[in-house]
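These notes are about the structure you will find just below.
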Amino acid sequence: GAGVSQSPSNKVTEKGKDVELRCDPISGHTALYWYRQSLGQGLEFLIYFQGNSAPDKSGLPSDRFSAERTGGSVSTLTIQRTQQEDSAVYLCASTITGGTTDTQYFGPGTRLTVL
Amino acid sequence: GNSVTQMEGPVTLSEEAFLTINCTYTATGYPSLFWYVQYPGEGLQLLLKATKADDKGSNKGFEATYRKETTSFHLEKGSVQVSDSAVYFCALSDFSGSARQLTFGSGTQLTVLP
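One line per chain: the protein sequences are X and S, in this order. Counting along the first sequence from 1, when you hit position 92 you're at 301 in our numbering, and nothing is skipped either side. Counting along the second sequence from 1, when you hit position 34 you're at 62 in our numbering, and nothing is skipped either side.
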């Protein structure tokens with residue numbers, strides 16, 4: 210596609226349920242990032258995938274969070290046993306190579322609300 | 029570790045006013061610097077970037093110069109328009125351990141009044 214797409218655009222769930230968020234990066238982009246944007250705050254890095262290398266998970270806030278990237282393309286962020294503090298907009302971005310000068314192209318985000 | 033500090037908002041200006049949004053950074057390496065913008069109801073998009081010291085990024089009338097001596101990347105525009113109303117994020121990209129991720133500032137909400 211022309212840009213990064215994410216689904217669903219909105220997700221409302223009950224505390225304790227598991228959720229899956231999906232990201233389709235720009236075709237040909239080797240690097241993929243997940244961020245979290247909480248209300249009134251900046252973006253918080255969660256996880257980074259680069260090609261076939263092991264992902265950098267240093268930003269994941271707890272072991273309830275996990276992510277995978279299948280076939281070097283689509284990525285899924287999973288949050289288990291959701292908590293109210295997980296409510297945020299989850300953003301995905303991709304870049305051509307993952308280099309430090311690359312522009313990151315962001316998807317529209319998934320707004321997660323945990324009741 | 030890396031960090032970005034940007035001017036707190038919200039900022040409210042009249043149309044055609046001069047805009048400055050301050051941004052300073054701390055980085056251990058040689059970062060690239062970015063300004064991203066988030067218009068109401070839209071996703072984040074790159075506004076401009078600079079990849080080395082003394083570079084000037086520019087786009088849509090906005091400018092920012094990479095100043096290594098003052099570790100700054102202030103965003104400026106000579107004459108703002110109502111359509112510039114958005115949230116602006118300063119960011120840096122550098123190696124932080126093994127991760128090549130962006131470190132963002134907290135964002136500055138700009139409202140331009142007609």
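Beta carbons are placed, not taken as given, at the ideal position from N, Cα and C, and that holds for glycine. The structure presented is a predicted model; accordingly, all values stated were derived computationally and were not measured.
Cβ-Cβ distance between residue i and residue j below 7 Å
{"i": "S/T131", "j": "S/N30", "result": "yes"}
{"i": "S/A114", "j": "S/Y67", "result": "yes"}
{"i": "X/Q250", "j": "X/R273", "result": "no"}
{"i": "X/L321", "j": "X/K220", "result": "yes"}
{"i": "X/A297", "j": "X/S247", "result": "yes"}
{"i": "S/E91", "j": "S/K84", "result": "yes"}
Close Cβ partners of residue i (< 8 Å) along its chain, the five nearest in sequence each way excluded
{"i": "S/A119", "result": "V32, L61, F62, W63, Y64, L130, T131, F132, G133"}
{"i": "X/G237", "result": "I305"}
{"i": "X/V228", "result": "K220, T222, T287, I288, T291, L321"}
Cutoff 6 Å; reference residue i; Cβ partners in own chain excluding five residues on either side
{"i": "S/D122", "result": "N30, A55, G57, P59"}
{"i": "S/E44", "result": "S107"}
{"i": "X/G225", "result": "R290"}
{"i": "X/G265", "result": "Checking the sequence shown, residue 265 of chain X turns out to be Asp, not Gly. Cβ within range, chain order: Y257."}
{"i": "S/D112", "result": "V140"}
Local Cβ density within 10 Å of residue i, reported as buried at 16 or more and exposed below that
{"i": "S/Y94", "result": "buried"}
{"i": "S/S126", "result": "With a pLDDT of 48 at S/S126, under the threshold of 50, the modelled position of this residue cannot be trusted; read the value that follows with caution. S/S126 should be labelled exposed."}
{"i": "X/L287", "result": "Per the sequence shown, the amino acid found at residue 287 of chain X is Thr instead of Leu. The residue is exposed, with fewer than 16 neighbouring Cβ atoms inside 10 Å."}
{"i": "S/L75", "result": "buried"}
{"i": "X/Q259", "result": "buried"}
{"i": "X/S262", "result": "exposed"}
{"i": "X/G318", "result": "buried"}
{"i": "S/K96", "result": "exposed"}
{"i": "X/S284", "result": "buried"}
{"i": "X/Q293", "result": "exposed"}
Residues near residue i by beta carbon distance below 7 Å, same chain, minus five either side
{"i": "S/T40", "result": "T139, L141"}
{"i": "S/S42", "result": "L141"}
Check: residue i C-beta below 6 Å from any heavy atom of the ligand FMN
{"i": "S/D83", "result": "Here there are no bound small molecules, and the ligand FMN is not part of this structure."}
At least three beta-carbon pairs within less than 8 Å, the region 298 to 305 of chain X to the region 233 to 242 of chain X: The region 298 to 305 of chain X vs the region 233 to 242 of chain X: in contact.
Touching by the beta-carbon criterion (3+ pairs, under 8 Å), the region 212 to 220 of chain X and the region 228 to 237 of chain X: Enough Cβ pairs lie closer than 8 Å, so yes.
Alpha helix (DSSP H) runs wholly inside the region 268 to 302 of chain X, at least 4 long, in chain order: none
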